[in-house]
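Residue numbers (this note's numbering), protein chains in the order written: chain A, 219 to 703; chain B, 219 to 703. Using N, Cα and C, we set each Cβ at its ideal position, and we do this for glycine too. Please read these numbers as outputs of a predicted model, since none were measured by experiment. For reference, the structure is listed below as C-alpha cells.
Protein chains: 2
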Amino acid sequence: MSSSPAAPDDAVRACIEESRTAFLDDLVDWLRIPSVSADPAHGDDLRRSAAWLAGKLTAEGFPVAEIWETPGAPAVFAEWPSGEPDAPTVLVYGHHDVQPAALTDGWHSEPFVPEERDGRLYARGAADDKGQVFLHTLGVRAHLAATGRTAPAVNLKLLIEGEEESGSPHFPDLARAKADRLACDAAIVSDTGMWSAQTPTVCTGMRGLADCQIDLYGPDQDIHSGSFGGAVPNPATEAARLAARLHDEDQRVTLPGFYDGVVELTDSERRLFAELPFDEGAWLRTAHSHATLGETGYTTLERIWARPTAEVNGIGGGYQGPGGKTVIPSRAQLKLSFRLVAGQDTEKVQQSVREWVAQNLPDGIRHEITFWGAARPCLTPLGHPALQSVVRSMERAFGQRIRFTREGGSGPAADLQDVLGVPVLFLGISIPSDGWHAPNEKVELDLLMKGAEATAYLWGDLAENWSTQTALSEESALSEQSREG
Amino acid sequence: MSSSPAAPDDAVRACIEESRTAFLDDLVDWLRIPSVSADPAHGDDLRRSAAWLAGKLTAEGFPVAEIWETPGAPAVFAEWPSGEPDAPTVLVYGHHDVQPAALTDGWHSEPFVPEERDGRLYARGAADDKGQVFLHTLGVRAHLAATGRTAPAVNLKLLIEGEEESGSPHFPDLARAKADRLACDAAIVSDTGMWSAQTPTVCTGMRGLADCQIDLYGPDQDIHSGSFGGAVPNPATEAARLAARLHDEDQRVTLPGFYDGVVELTDSERRLFAELPFDEGAWLRTAHSHATLGETGYTTLERIWARPTAEVNGIGGGYQGPGGKTVIPSRAQLKLSFRLVAGQDTEKVQQSVREWVAQNLPDGIRHEITFWGAARPCLTPLGHPALQSVVRSMERAFGQRIRFTREGGSGPAADLQDVLGVPVLFLGISIPSDGWHAPNEKVELDLLMKGAEATAYLWGDLAENWSTQTALSEESALSEQSREG
C-alpha cells in the first residue's frame, strides 16, 4: 500500500511544538470544570463544559459550533466543511463528561485542579476523554498550517457528548434525531487507548455495556438481628446471593442466554493477541491488582477484549459505620455492569437480568431494577480502507509499526455504526496506566502531541485515498493485518 | 409454693403513682444523652451518661455509686446493703449505652429528644436499655416506702455497663477484676423483653453473639471495569460470595463445626413454645417484615430463640452514589453477626470464621477480620427457686399467669454466670414492638411502671424465700413450669 503524506511532517511538528503551551493551558482550563454526568448536582458544570468547548472550537476556526440539548447533559457539535465537493466526511466522536472523583479517593492532587508532573497532566478527564477530544483542535490547526489550507481536506465534524460516563442514555436518540447533520462516510472515535507508549496500537473493537442498579427491600425498617435474626429474609444477604450467583465456578456468567450469539474468537485472532508483548506482572501493576481471575479457558487479553463479563461495581446495605450494629437492614443495593461483545444484544441481556433477579429472590424481598442505559459492542474489520489511513497516520506520527488491539471498555461507537450506517474507527493515544475512572488519572503529554500529529496527517490521507477504498480493501485483505491474518 | 408478699401491693402502687412524673422526667433527661458505644465520637456522651446515672443512684439513696473505668466506655456500679446479716445479695445487670440512631433512618422525632405520645416514650434507649435500668430506682423506692425499711431487704447491687451494644468487649475482664465487689447469690438481667403486653413472660435464656467485620482488599485503587473487568478478582464480588456461602439451601449455617455441641430442643420444649399465642402475621408486622425465612425444620420461635444463626448486618463496597460508576472497587466490607445457643463456644466460632474466610478467598484478595467482642449464650433452668421469686413478683404486678420465653438477642449475662458462678435470671418489660436497634424505639409507660412494681415485690420475696431454695427447687421440678414440663 502506498503512503501518501498530505502534510509535510516537519511543518506539522513545528506547528504542534509552537502551539503546545497555549494548547495545554486551554486543556487545563477545561479540566477544571467537574463535568460529572453521574451526579445530578453537576448539571451546571456539564453545561459550562459544553459551552467552553463550543467557544474554543469557534475560536479555532470551526464555522459551526453548536450546543445540542438532550433530556440529560448537552452535547457539542462542530463542523468545518472542506469546501471541496468530493471530499469525504468524517465524524469525530468523544465526550466531555467525566467520572466522579474526590481527593479522598486517593488522589495526590485535587482531581479538578490539573497538575503537570514529569511530563504528565494529572486531572479527572485528562485521558478520558477531554485530552483525547481536545487533541483534535491542535491536529486540525497543524493540518492547516502544514498544508496551507484554510479548511480541512475532509469535511470535518465533531460530536462531543455529555453522558458517556453514564452509559449515553440519550445518545442513540440524539444521533437519530440529528442523523442528517451527522451524515458522514466514517466515524472516528477518540475515546480508547493504545497498548503502551512503546507499542502504539489501533483499536478495532469495543465491548458493549449494560449496567444497572438493583434495589432490594426487606423489612420496612432496620430490625434487631437478635430478636428477628434467622427467621426473616435479609436484603443484604439477598443482594450478596445475587452477586455471588452471577458467576459459576469457571467464572462464566450464569445469566440464562447470556452467551447466546457471542462471536467467538478464531484461532488466528487468538494468535494475534498472543503476539503482543504481554507481561502479566506489568499488566497487574497497571491494574493495581495482585492476581488474575477470569473465565476458564481464556487468556487475560481475551478475557478483557473479547469475552463478555459481569462485575459488581457497588454493593451496599445495612450498617457501614465504625464498629458493629446488630441489625437486619431494611434495604440493600447492587450496582452491576455487564460488558458485552459482538453478537450480544443489550436489550436481551437487560431482559435476562430482569427475569433472573425476579426468579432469584425469596418471598418478602421486593426489588426494583434501574438500567442506566446501554452501549452496544462493535468490531471493525482489520482490512477496512479507512482503518488503513488511520494506521498510516499513526505510523508517521509514531515512527514505528502500529499493531492492533481491542478495547475492554464501552462507548456509544456502535450507535454511530447503527444509526449512521458507517464504519467506526478508533484513534486514541491513552495508555493503560492513565488511570481511567481511577484516582490520579493522567495523560502522557508526549503521546497527546503524537495523537494531534496523527490527526494532522489523517485528514489528508483520507481525502487522498478515499476514492481508492475498494482497491485498498482488496489489498488489505491479503495483508498480515487482516483480522484472519 | 407459698406466696409471701413482703410489701403491701397498694402501698407499692401508691408510691409508684406518686413518683411517676418525676421518674419520667429524669428518664427523659438520661435519654437525651446519645451514649452510642459503637461510635468513638460519642466517647464523651458515654462518660456523661455514666456520671448522670451515678448521680441519680446516689440521690435515690444508694450509699455506694461508682464509675468503673474500662479501656472502652465506663460502667456504673452501685450498692445498697440490706443491713441484715443473712440477706441474700442480688446483682442487677443492665447497660447505659445505646445503638446508633439518626433522624434520617426513619424516626418520626429526634432519637435523642424523647417524646411521649399515646402512653409511650419514644427515644433511642427508651427500652434498650435505659428505661429498663432506670425502673429499678423506682422499684427500690416503692419497696422501701411500702415496707417502711430504710434499706432493701436484699443486698442490692447494680452493674450498668457501657459497651453492651458493642458486644461488651471489656465486660468479662471487668467482671473478673471486680469479682469481689460483684459477689452475689444471683444476677438479674434487665435487658430483655416479654412476649407481649397481654402475655407477660419471663425469659429463661439468651442467645450468644459473635460479630465481626471482614475487610477485603483487591486492587490498590478502584479500576475501570471495562479495561480490567473479567480478568482480576473483585473484592465486592468476593464479599458477596462470602455472605452468600454463609448458608446452604436449608438456611443452615455452613461454617465448619458451627453446630458442634449445640443443645438441641427437646420435644417438650418445642411443645411449650408451640403453646404460646403466636400469630405469624402479627409477628411479621412487629418484625416489619413481609415473609419468614429460616432454617428448614424449625418454627419461627424456635429459629429466633433456640437456633444459632448468621446474619449480614452490613455490606459495602464500590460506588454507592447516584447513577452508575463502572469500577472494580479496591475494597469491600462485610459485617457479620452470629447468634449462638447453649453448647456453642464463641472462641471456636471465631476461629472457624477466620479459617473459613481465609479458605474462601481467591488469590489477589487480602483480608482482615476484626471481632467486636462476643457474648456467650446462657440458659436458666425453669425450676430454679430464684426464678420462682421473679415469677411470683411479676404475677403480683401483672395480675396474671406469667409464661416463659427465651430471648433471641444477646448480652453478657453468661459472663456473669461464668465469672461469678451464680444463676442468671431475667426481668424485663419491653415488648417486641418497642423497636430495639430500629427507628422509633419506644417503651410502653404502663409496662415500665409494672416492671418497677415487680421489682418492688421481688426484693422482699427473695429475702423471705432464699433460705427455702432447696425445697422450692425440688417442688418446682415437679411443676408444670419445669423445662421438661
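Query, Result
"Which of the residues in the region 439–452 of chain B, read from start to end, lie with their CB under 7 Å from any CB of chain A?", "Q439, D440, I441, H442, S443, G444, S445, F446, G447, G448, A449, V450, P451, N452"
"Could you please tell me which residues of the region 520–542 of chain A, in chain order, have their CB closer than 7 Å to any CB of chain B?", "R521, I522, R525, T527, E529, V530, N531, G532, I533, G534, G535, G536, Y537, Q538, G539, P540, G541, G542"
"Please name the residue, chosen from K660/B, L676/B, V480/B, L663/B, that lies closest to F160/B on a Cα-to-Cα basis.", "Beyond the ends of chain B as shown, which are 219 and 703, falls residue 160/B; an answer cannot be given."
"Just mark T688/B as buried or exposed, buried being the case when its beta carbon has 16 or more other beta carbons within 10 Å.", "Low confidence applies here, because T688/B scores a pLDDT of 42, under 50, leaving its location unreliable and the question unanswered by this model."
"Since E381/A and Q317/A should fall inside the 8 Å C-beta cutoff, what is the C-beta to C-beta distance between them, to a whole number of angstroms?", "Between Q317/A and E381/A the Cβ distance is about 12 Å, and since that is not below 8 Å, they are no contact."
"Which runs of the alpha helix (DSSP H) at least 4 residues long sit entirely within the region 221–272 of chain B? Give them in chain order.", "227–249"
"Does the beta carbon of I546/B come closer than 8 Å to any beta carbon on chain A?", "yes"
"Please report how far the alpha carbon of Q538/B lies from the alpha carbon of I533/A, in whole angstroms.", "7 Å"
"So, is D429/B buried or exposed, given that buried needs 16 or more other C-beta atoms within 10 angstroms?", "buried"
"Let me know the secondary structure DSSP gives N658/B once reduced to three states.", "coil"
"Three or more C-beta pairs under 8 Å: does that hold for the region 596–616 of chain B against the region 625–645 of chain B?", "yes"
"Rounded to whole angstroms, how far is the Cβ of A415/B from the Cβ of W298/B, which I believe are closer than 8 Å?", "30 Å between Cβ atoms; not a contact."
"Once the 5 residues before and after E379/A are set aside, which same chain residues still bring their CB inside 6 Å of it?", "A293, H313, F389"
"Nearest to F724/A by alpha carbon, out of G324/A, F241/A, Q568/A?", "It is not possible to answer for residue 724/A, since the shown part of chain A is limited to 219 through 703."
"Measure the C-alpha to C-alpha separation of D409/B and D440/A and round it to an integer number of angstroms.", "20 Å"
"Determine, for S691/A, whether the minimum Cβ-Cβ distance to residues of chain B falls below 8 Å.", "Confidence at S691/A is low in this model, with a pLDDT of 44, below 50, so its placement is unreliable and the value that follows should be read with caution. For S691/A, the answer is no, since every Cβ of chain B falls outside 8 Å of its Cβ."
"Do G582/A and V450/A count as a contact pair if the criterion is CB distance below 8 Å?", "yes"
"Within 8 Å (strictly less), CB to CB, does W654/B reach chain A?", "yes"
"Establish whether the CB of Q431/B and some CB of chain A are separated by less than 8 Å.", "yes"
"Beta-carbon separation of G423/B and R624/B under 8 Å?", "yes"
"Please compile the residues from chain B whose C-beta is within a distance smaller than 8 Å of the C-beta of P252/A.", "Neighbours of P252/A on chain B: none; closest Cβ ~14 Å, over 8 Å."
"So, is H326/A buried or exposed, given that buried needs 16 or more other C-beta atoms within 10 angstroms?", "exposed"
"Are V575/B and I432/B closer than 8 Å when you measure CB to CB?", "yes"
"Between the alpha carbons of L328/A and N658/A, how many angstroms are there, rounded?", "Note on identity: in this sequence residue 328/A is Glu, with Leu being the wrong assignment. Using only the alpha carbons, I get a separation of about 9 Å."
"Flag L434/B as yes if its beta-carbon sits less than 8 Å from any beta-carbon of chain A, otherwise no.", "no"
"Compare the C-alpha of R721/A against each of V420/A, G499/A, I546/A and name the closest.", "This structure cannot settle anything about residue 721/A, because the visible part of chain A is limited to 219 through 703."
"State yes or no: is the beta carbon of E513/A nearer than 8 Å to at least one beta carbon in chain B?", "yes"
"From the DSSP output, read off the bridge partner residues of K553/A.", "Q431/A, G532/A"
"Just list the residues that DSSP pairs Y311/B with in beta bridges.", "L377/B, V407/B"
"My guess is that H655/B and H442/A are in contact by the Cβ rule of under 8 Å, so how many angstroms apart are they, rounded?", "4 Å"
"Please go through the same chain and pick out, in chain order, the residues whose beta-carbon is closer than 6 Å to the beta-carbon of V230/B, but skip the five residues on each side of it.", "A360, A364, E671, A674"
"Would you be able to state if there are at least three C-beta pairs under 8 Å between the region 247–257 of chain A and the region 334–353 of chain A?", "yes"
"Excluding sequence positions up to five away, which residues of its chain have a Cβ less than 8 Å from the Cβ of S548/B?", "Y435, G436, P437, D438, Q439, D440, I441, P453"
"Of all the residues that make up the region 314–348 of chain B, which are near chain A by a beta-carbon distance shorter than 9 Å?", "Q317, P318, D323, G324, D346"
"Could one say the Cβ of K660/A lies closer than 8 Å to chain B's Cβ atoms, at least one of them?", "no"
"Using only the alpha-carbon positions, how far apart do A592/B and P289/B sit?", "16 Å"
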